[in-house]
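In my numbering, each number is its position in the sequence shown, counted from 1, plus 2.
Just so you know, even glycine gets a beta-carbon here, dropped at the ideal spot from N, CA and C.
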Amino acid sequence: MECRANIPVQTDEWELLYNHMQICEALVQEGAPVAKALFALRVERFTSREGGLLSDETAIILLTSLNRSLYDYLLFQVGISFSHCCYDNRLYAHAGVGQSAGTLRRAGAAILDAYAQELRQNHAQRTHIERICAYVRAHLTEDLTLERVAREAYLSRCYICQLFKSLMGCTFGEYVKRERIQRARALLASTGKSIEEIAAACGFGSATYFATVFKGIMGMTPSAFRHSLHG
Numbered sequence: 003m004e005c006r007a008n009i010p011v012q013t014d015e016w017e018l019l020y021n022h023m024q025i026c027e028a029l030v031q032e033g034a035p036v037a038k039a040l041f042a043l044r045v046e047r048f049t050s051r052e053g054g055l056l057s058d059e060t061a062i063i064l065l066t067s068l069n070r071s072l073y074d075y076l077l078f079q080v081g082i083s084f085s086h087c088c089y090d091n092r093l094y095a096h097a098g099v100g101q102s103a104g105t106l107r108r109a110g111a112a113i114l115d116a117y118a119q120e121l122r123q124n125h126a127q128r129t130h131i132e133r134i135c136a137y138v139r140a141h142l143t144e145d146l147t148l149e150r151v152a153r154e155a156y157l158s159r160c161y162i163c164q165l166f167k168s169l170m171g172c173t174f175g176e177y178v179k180r181e182r183i184q185r186a187r188a189l190l191a192s193t194g195k196s197i198e199e200i201a202a203a204c205g206f207g208s209a210t211y212f213a214t215v216f217k218g219i220m221g222m223t224p225s226a227f228r229h230s231l232h233g
């Protein structure tokens, strides 16, 4: 274990300690290898000064701010919350304490790899959900069971349920109903079709069931909705 010189952080290094925007952008746009290289340069900037190493406090601040910066960037710029990843990564904040600069770089690399893995997984999930949603919209008039969609998408029913809960905030069945009601609203507004015809065109088994679902979502019957459009 190397002796750690207690060299204070200089004013012009505060940005390097807290501002990781360039690293965050690199992770999303260019990948983990580029982001890790940038972090390694940052560590070198700190540890090469006068041959000293970061103090334990500064090492913790650097790794903690990297972790939180990545979480905030992905949340506000990309629109994805990886709170569980941010929480798990807190352990790496102490990984560089009392160790070499190489260990500090590896701790930062581990944080970056964790977010990179989450991004890859999220991309795959969004690709799956987009494909499923497109299939649902194209087959609204048909019997859209979870079993059928799972078979068509080559995915398990359990996985699809998890996708809708995490990415859509609803169940698969609720999503299908919302899409059918969305189409029904458009038909009620733009056509003179009867309630029975619209129910069939949107995949509802009967006009009665259609009216029940429509009122549950819209707060009024299909007829009342159509009447409200024409005042």
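Same chain only: Cβ atoms within 6 Å of residue i, ignoring 5 sequence neighbours per side
i	result
T197	The sequence shown places Ile at residue 197, rather than the Thr named in the question. Same-chain partners within the cutoff: A209, P224.
A111	K38
C-alpha gap between residue i and residue j, whole angstroms
i	j	result
S158	H130	12 Å
E15	S67	14 Å
A202	I82	37 Å
R185	A42	53 Å
E154	Q127	16 Å
L146	I162	13 Å
F227	L190	8 Å
H96	I113	12 Å
E52	L72	Any reading at E52 needs caution, since the residue's pLDDT is 46, under 50, leaving its predicted position unreliable; the model's value is listed next. Rounded to whole angstroms, E52 to L72 spans 30 Å at the Cα level.
G33	L231	50 Å
V151	I134	7 Å
E120	P35	15 Å
A109	Y75	19 Å
E176	H22	40 Å
T60	N91	17 Å
I219	H86	33 Å
K195	S168	37 Å
H229	K217	14 Å
V45	H141	55 Å
K179	A213	12 Å
Helix, strand or coil at residue i [DSSP, three-state]
i	result
S168	helix
E52	Reliability of the predicted coordinates at E52 is poor, the pLDDT of 46 falling under 50, and the value obtained from them is presented with this limitation in mind. Helix, per DSSP.
D145	coil
T105	helix
G110	helix
H232	coil
A97	coil
T223	coil
H22	coil
Y161	helix
E154	helix
F206	coil
I82	coil
Residue i: first and last residue of the uninterrupted alpha helix (DSSP H) it sits in
i	result
C88	85-90
T214	209-220
G175	174-192
E198	197-203
N69	58-75
Cut-off 8 Å between Cβ atoms - residues of its own chain near residue i, not counting five sequence neighbours on either side
i	result
R139	E181
Nonlocal neighbours in the same chain, by C-beta distance under 7 Å from residue i, ignoring five residues either side
i	result
Y20	S67
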